[in-house]
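Residue numbers (the working numbering): 1 to 106.
Written as structure tokens, this is what we have:
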């Protein structure tokens, strides 16, 4: 792509989108990252309310103008717990309203 359009590799990667996701993601996500050139911004799960899940604020703190979505894991493969989707949604809605972005949740 870079050669065809007369761009350097740095210029191409400068517009690379990213996805914010828990490190408890399934292996299929790695294919998306590799084949579609999407950068993974990974958050390690921690104990949230006695359950191993990501903190909504930690996910949203990694979002920027190139973020296309935030992924909540519904049943991670370590212990089956769900990420706090309602909390993630509230944080994303606030961020989108403040910055004028359109980051979605998958």
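Using N, Cα and C, we set each Cβ at its ideal position, and we do this for glycine too.
Considering Cα atoms alone, identify which of the options is closest to residue i.
{"i": "residue 13", "options": "2, 6 and 26", "result": "2"}
{"i": "residue 50", "options": "104, 83, 57 and 31", "result": "83"}
{"i": "residue 66", "options": "20, 56 and 93", "result": "20"}
{"i": "residue 81", "options": "89, 72 and 88", "result": "72"}
{"i": "residue 92", "options": "6, 47 and 64", "result": "64"}
{"i": "residue 59", "options": "47, 76, 41 and 74", "result": "41"}
{"i": "residue 46", "options": "78, 30 and 33", "result": "78"}
Provide the residue span of the alpha helix (DSSP H) that contains residue i, from first to last.
{"i": "residue 90", "result": "85-99"}
{"i": "residue 60", "result": "56-61"}
{"i": "residue 31", "result": "28-35"}
Which residues share a DSSP beta bridge with residue i?
{"i": "residue 47", "result": "52"}
Under the three-state reduction of DSSP, which class applies to residue i: helix, strand or coil?
{"i": "residue 103", "result": "coil"}
{"i": "residue 3", "result": "coil"}
{"i": "residue 12", "result": "helix"}
{"i": "residue 70", "result": "strand"}
{"i": "residue 42", "result": "strand"}
{"i": "residue 78", "result": "coil"}
At what residues does the beta strand (DSSP E) containing residue i begin and finish?
{"i": "residue 23", "result": "That residue, residue 23, is in no beta strand (DSSP E); it is neither H nor E in DSSP."}
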